[in-house]
Structures are given as structure tokens and as C-alpha cells.
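Worksheet: one structure, shown below.
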Amino acid sequence: MPNPPITISDAESRVMEVLWQQAPQTSEDIVATLLEPTGWHEKTIKTLLNRLLGKGAVSAERDGRRYLYSPQLRREDWQQQESRSLLDRVFGGKVAPLLAHFSQHEKLSTRDVAELRKLIDSIEKKGH
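All residue numbers for the sequence shown refer to the numbering used here, where the first residue is 2 and numbers rise by one.
Right, here's the structure in full:
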């Protein structure tokens, strides 16, 4: 039986982003990276890191007197999970209403439209 998906909060995802960019890192490295842009206290960041450790999204390996943290949840798996959740909750599991929403309410650049066309062409080729 597959493991249930690991759910992480928006705040926890900020910690994960730091680890996805470079791992392993010490808690001090993670705090130094997040302190200024988030305005969070050191204790808050360490609490988030411990929550992620408890959920199995992060592992810790002892390195002398400190721990080195590494992501166990892959960014791609998290993106898949989050995008599926958004589609299911907001757009009834369908991609077309999501794209319609963005085309009506967000400014899609010429580049965005070209990338979408390329993606649709690729999907159509796979289907035939």
C-alpha cells in the first residue's frame, strides 16, 4: 500500500524551497537564508524544520555537533500533489476551466500563449 502524500503548509514550503535549491544544509544555514526575506524569527524557522522532519519531508543526519538536513519529499512530487489538489478543489478536476480562468482574469503574455500551444501540440502528438 503506497504511503499517504506528505502535506506541507505554505510556510513549510518556504523551508523546503531552501533545501530543494541546495542540500544538505544546517539549521543555521536555513535560518540565515529565510530570516530576512520572511521576517520570521529563528525559532519559527526551526519549528517549521522540525515539523517537516516529523512529517518525513526532511531527513536529518548527524554531523559532529550539528545536523545536516536534506529533503525527502521531491519538488516534482509536491508540485504534482499541489496542482492536482488545486484542480480538484477549485476546477472540478478539469484543466480547461483553469486555463479559461487565467485567460480571462490574468494577463497571459505572448510567450505564455506560445508555450501553451507547444504543450497542447505535444499532448496531441502523444495521443495519436
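Note that CB positions come from ideal geometry on N, CA and C, so glycine has one too.
- Judged by beta-carbon spacing, Gln73 lies beyond the 8 Å limit of Val96, meaning their Cβ atoms are not closer than that value.
- With the rule of 3 Cβ pairs closer than 8 Å, the segment 38-53 counts as touching the segment 6-16.
- In the three-state scheme derived from DSSP, where H, G and I count as helix and E and B as strand, Leu120 is classed as helix.
- Between Leu35 and Ser71, the C-beta gap is not smaller than 8 Å, which leaves the two residues out of contact.
- Judged by their CB atoms, Leu49 and Glu13 are nearer to each other than the 8 Å cut-off.
- The C-alpha of Lys47 lies about 9 Å from the C-alpha of Val16.
- In its chain, beyond the 5 residues on either side, Trp21 have a beta carbon closer than 6 Å to the beta carbon of Arg76.
- Boundaries cannot be given for Glu107, as no alpha helix (DSSP H) includes it and DSSP labels it neither H nor E.
- By the 16-neighbour rule on beta-carbons within 10 angstroms, Val32 is buried.
- Taking C-alpha positions only, Arg66 is separated from Lys119 by approximately 51 Å.
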